[in-house]
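So the sequences go chain by chain: A and B.
Each residue of the first sequence is one higher than the last, beginning at 5 in our numbering.
Each residue of the second sequence is one higher than the last, beginning at 5 in our numbering.
Shown next, in structure tokens, is the structure this report addresses.
There are 2 protein chains.
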Amino acid sequence: MAPRVLVIGEILVEIMATTRGHGFAGPIDLRGPYPSGAPAIFADQLARQGIATAMVSAVGDDDFGRLNLARLRAAGVDVTAVQIHPTATTGTAFVRYRPEGGRDFVFHLADAACGRIEPAAASAAEVARATHLHVMGSALGAPRLAQMILEAARHIHAAGGTVSFDPNLRPEMLDAAGHARLAGVLELTALLLPSEGEALALVPGAPDEDAAIAALTRRGIEVVLKRGRDGATWFGGDRRIEQPGFAVHEIDPTGAGDTFGATFLAGWITGADPAASLRAACAAGALCVMAAGPMEGASDPARIRAFLAEREAC
Amino acid sequence: MAPRVLVIGEILVEIMATTRGHGFAGPIDLRGPYPSGAPAIFADQLARQGIATAMVSAVGDDDFGRLNLARLRAAGVDVTAVQIHPTATTGTAFVRYRPEGGRDFVFHLADAACGRIEPAAASAAEVARATHLHVMGSALGAPRLAQMILEAARHIHAAGGTVSFDPNLRPEMLDAAGHARLAGVLELTALLLPSEGEALALVPGAPDEDAAIAALTRRGIEVVLKRGRDGATWFGGDRRIEQPGFAVHEIDPTGAGDTFGATFLAGWITGADPAASLRAACAAGALCVMAAGPMEGASDPARIRAFLAEREAC
Numbered sequence: 005m006a007p008r009v010l011v012i013g014e015i016l017v018e019i020m021a022t023t024r025g026h027g028f029a030g031p032i033d034l035r036g037p038y039p040s041g042a043p044a045i046f047a048d049q050l051a052r053q054g055i056a057t058a059m060v061s062a063v064g065d066d067d068f069g070r071l072n073l074a075r076l077r078a079a080g081v082d083v084t085a086v087q088i089h090p091t092a093t094t095g096t097a098f099v100r101y102r103p104e105g106g107r108d109f110v111f112h113l114a115d116a117a118c119g120r121i122e123p124a125a126a127s128a129a130e131v132a133r134a135t136h137l138h139v140m141g142s143a144l145g146a147p148r149l150a151q152m153i154l155e156a157a158r159h160i161h162a163a164g165g166t167v168s169f170d171p172n173l174r175p176e177m178l179d180a181a182g183h184a185r186l187a188g189v190l191e192l193t194a195l196l197l198p199s200e201g202e203a204l205a206l207v208p209g210a211p212d213e214d215a216a217i218a219a220l221t222r223r224g225i226e227v228v229l230k231r232g233r234d235g236a237t238w239f240g241g242d243r244r245i246e247q248p249g250f251a252v253h254e255i256d257p258t259g260a261g262d263t264f265g266a267t268f269l270a271g272w273i274t275g276a277d278p279a280a281s282l283r284a285a286c287a288a289g290a291l292c293v294m295a296a297g298p299m300e301g302a303s304d305p306a307r308i309r310a311f312l313a314e315r316e317a318c
Numbered sequence: 005m006a007p008r009v010l011v012i013g014e015i016l017v018e019i020m021a022t023t024r025g026h027g028f029a030g031p032i033d034l035r036g037p038y039p040s041g042a043p044a045i046f047a048d049q050l051a052r053q054g055i056a057t058a059m060v061s062a063v064g065d066d067d068f069g070r071l072n073l074a075r076l077r078a079a080g081v082d083v084t085a086v087q088i089h090p091t092a093t094t095g096t097a098f099v100r101y102r103p104e105g106g107r108d109f110v111f112h113l114a115d116a117a118c119g120r121i122e123p124a125a126a127s128a129a130e131v132a133r134a135t136h137l138h139v140m141g142s143a144l145g146a147p148r149l150a151q152m153i154l155e156a157a158r159h160i161h162a163a164g165g166t167v168s169f170d171p172n173l174r175p176e177m178l179d180a181a182g183h184a185r186l187a188g189v190l191e192l193t194a195l196l197l198p199s200e201g202e203a204l205a206l207v208p209g210a211p212d213e214d215a216a217i218a219a220l221t222r223r224g225i226e227v228v229l230k231r232g233r234d235g236a237t238w239f240g241g242d243r244r245i246e247q248p249g250f251a252v253h254e255i256d257p258t259g260a261g262d263t264f265g266a267t268f269l270a271g272w273i274t275g276a277d278p279a280a281s282l283r284a285a286c287a288a289g290a291l292c293v294m295a296a297g298p299m300e301g302a303s304d305p306a307r308i309r310a311f312l313a314e315r316e317a318c
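Now the structure itself:
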């Protein structure tokens, strides 16, 4: 059966400051709206790899919602189960890079359409059709949405499907209820895509990250550790594969981890060699950071191949 | 007793497209956040005229809220009764001017902090202290907020205070409940500040605007008809005073009507000659449209006098 991947979570627009600085204390130059939201970035890139991909989410009945739907449709994402909320507006995130690194945000998410995703006939149909669920930890912060995701994960897993999980940990998720949700997803996870430090947070009692990853692989989970510009490492059973990062001129790292993850999953789900998938995923991450805007550096397989061919020719 | 004016209503930030066009279908250059909200623009300009002014409103616990509070405090507005909502975000309005005139908006207001203004001890204290209430029709769209405004108007009126009213009519307000709210405010109004066409909408059965204004003045209401770049007309009893507009290079008309109204009220409430108040108000409106951003062209009496002196010298 051809794989069909479902992603449940937030869709929003991002408004980016064009100069570095601290926060939004007065009028500055901005650029946007850019289509965004970690689950949407992931779904967009995955569909571009030729994998059947659907989203369950909600947007407002406004230009920001229409912009996102048009973008996802153009990438080939099935948005049948993306609700258009009658009153709530599409989520927004204002972001400004600080001079010394780090970012300041102003988020409108919890009260936005994407904070009010409700189970519906269309979303149930997507859960029934999916062979794989990708879980973005960012979407687990909202209790009702977390419940929907956990139920979908259990259903797809019970039907013989698989689950991948990008923890995308946020400090506010790490209360007791948050830990319980993470553990609930982890129990069903076949492929984990943590950033540095996240594996340790997911394995209570592990002395260090190596030990945490070893504990996870002993449970049969494949782990792909994302190390940003330094590349990534794949762990499966007793094996590991290192992939150094590609040196590029970084314009905007937003979305690079999601783009990396989607590209890796596209290989994983079709049984590709992990080393090749890892290499393609690092290339996709590098292509992402070379463009301003979360999805503006999205790439299809031809673009990734061309990037890799260029690097090999050096 | 020295006048003290209360304004109840929305505070928000405005994000402006820097190029003309239609809506927000993709990333464009923007500038913001600008402090905004019709009631806030009005309060800011009124305080700058030296009139004691307080606001009842709500902002989020975010940079956009802090930006607005800092701005209002700097103008001298008492913001003691502006609540900082624990979870809702500060309202936002994205605006883009169309090539042929008119504007496209994306609003986040109803679910924002300013859509959740709640009666509180601080707001009751402001109602008790105020000698005048200015009502912005834009704030009457939300039923709960409309209720607070009507109660404040009744209380201040019963205590011997006065009420001014800028209808700021929006089509969605003109259902039966909306008409009842408008009529409830109008009943208590001493000074009405309509734009063209609004007087007619407020007087059911009037054959034309002149007849509607005549009906209002017969009820003892002073009417200041705002005609944008064409100036304004004051109507009181059987008298009328015309003030032509000042020709200026218009950059952004946002906030001009609110700035005009506040400047007129500052004269009205201190017993100034209506002709002089009208002239100052038209000057303030002209100064407002010469700057991008709703409050960026705010003016104090010295600036208004300088503008008028310059015009007289021509």
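We put the beta carbon where it would ideally sit given N, CA and C, even for glycine.
Check: Within 10 angstroms of the Cβ of Thr263 of chain B, are there 16 or more other Cβ atoms? Answer buried if so, exposed if not.; Outcome: buried
Check: What are the residues that DSSP puts in a beta bridge with Ser199 of chain B?; Outcome: B:Lys230
Check: Alpha carbons only, please: which of B:Pro257, B:Leu197, B:Arg100 is nearest the one belonging to Leu173 of chain B?; Outcome: B:Leu197
Check: Any contact between the segment 182-196 of chain A and the segment 139-151 of chain A? By contact I mean 3 or more CB pairs, one from each, below 8 Å.; Outcome: yes
Check: The segment 108-141 of chain A: which residues have C-beta closer than 8 Å to a C-beta of chain B, in chain order?; Outcome: Asp108, Val110, Phe111, His112, Ala114, Asp115, Ala116
Check: Which value, in whole angstroms, describes the spacing of the CA atoms of Met5 of chain B and Gly30 of chain B?; Outcome: 54 Å
Check: Is the distance from the Cβ of Ala62 of chain A to the Cβ of Ile121 of chain A below 8 Å?; Outcome: yes
Check: Residues bridged to Val252 of chain A by DSSP?; Outcome: Bridge partners of Val252 of chain A: none, in fact.
Check: Residues of chain B with a CB under 8 Å from the CB of Ile19 of chain A: which are they?; Outcome: Ile19, Leu34
Check: Just the Cα atoms here: how many angstroms apart are Gly241 of chain B and Ser40 of chain B?; Outcome: 35 Å
Check: On the criterion of 16 or more Cβ atoms from any shown chain inside 10 Å, does His138 of chain B qualify as buried, or is it exposed?; Outcome: buried
Check: Mind checking whether Phe109 of chain B and Ile19 of chain B have CB atoms under 8 Å apart?; Outcome: no
Check: Does Asp214 of chain B pass the burial test, meaning 16 or more other C-beta atoms within 10 Å, or should it be called exposed?; Outcome: exposed
Check: If you follow the alpha helix (DSSP H) that Leu76 of chain A is in, where does it begin and where does it stop?; Outcome: 67-79
Check: Look at the alpha carbon of Ile160 of chain A and the alpha carbon of Ala56 of chain A, and state the distance between them as a whole number of angstroms.; Outcome: 16 Å
Check: Just to confirm my understanding: we take His26 of chain B, look at its own chain, exclude 5 residues before and 5 after, and list those with CB closer than 7 Å. What are they?; Outcome: Arg102, Asp108
Check: To be precise: take each residue of the segment 74-94 of chain A, compare its Cβ to all Cβ atoms of chain B, and keep it if any distance is under 7 Å. Which residues remain?; Outcome: Thr91, Ala92, Thr93
Check: Should Ala302 of chain B go down as buried or exposed, given a rule of 16 or more other Cβ atoms within 10 Å for buried?; Outcome: buried
Check: Using only the alpha-carbon positions, how far apart do Pro278 of chain B and Gly224 of chain B sit?; Outcome: 15 Å
Check: Let me check understanding here. Comparing Cα to Cα, which of B:Leu291, B:Ala194, B:Thr193, B:Ala313 lies closest to Asp256 of chain B?; Outcome: B:Leu291
Check: Nearest-angstrom Cα distance between Ala284 of chain A and Thr237 of chain A?; Outcome: 13 Å
Check: Answer with yes or no whether the minimum CB distance from Pro147 of chain A to chain B is below 8 Å.; Outcome: no
Check: May I ask you to list, following chain order, the residues of the segment 244-263 of chain B that have a beta carbon less than 9 Å from some beta carbon of chain A?; Outcome: none
Check: Since Asp214 of chain A is in the alpha helix (DSSP H), which residue starts that stretch and which ends it?; Outcome: 213-222
Check: Determine, using beta carbons only, whether Asp304 of chain A comes closer than 8 Å to chain B.; Outcome: no
Check: Determine the chain A residues that contact Pro37 of chain B at a beta-carbon separation under 7 Å, and present them in chain order.; Outcome: Phe28, Pro31
Check: Check Pro90 of chain A in the structure and name its three-state DSSP category.; Outcome: coil
Check: Tell me, to the nearest whole angstrom, how far the beta carbon of Ala58 of chain A is from that of Ala85 of chain A; I am working on the premise that it is less than 8 Å.; Outcome: 6 Å
Check: To the nearest angstrom, how far is it from the Cα of Leu192 of chain B to the Cα of Thr221 of chain B?; Outcome: 13 Å
Check: Can a CB atom of chain A be found closer than 8 Å to the CB of Thr96 of chain B?; Outcome: yes
Check: Mind checking which residues open and close the beta strand (DSSP E) that includes Arg102 of chain A?; Outcome: Here Arg102 of chain A belongs to no beta strand (DSSP E), and DSSP marks it neither H nor E.
Check: Between A:Ala79, A:Val81, A:Gly119, which has its C-alpha nearest Thr91 of chain B's C-alpha?; Outcome: A:Gly119
Check: Sort B:Gly297, B:Glu226, B:Glu14 by Cα distance to Leu113 of chain B and report the nearest one.; Outcome: B:Glu14
Check: Specify, as a first and last residue, the run of the beta strand (DSSP E) that Ile15 of chain A falls within.; Outcome: Counting along the chain, Ile15 of chain A falls outside any beta strand (DSSP E), and DSSP gives it neither H nor E.
Check: With DSSP as the reference, identify every bridge partner of Thr166 of chain A, one or two as the case may be.; Outcome: A:His136
Check: Can you give me the C-alpha to C-alpha distance between Arg307 of chain A and Cys286 of chain A, rounded to a whole angstrom?; Outcome: 13 Å
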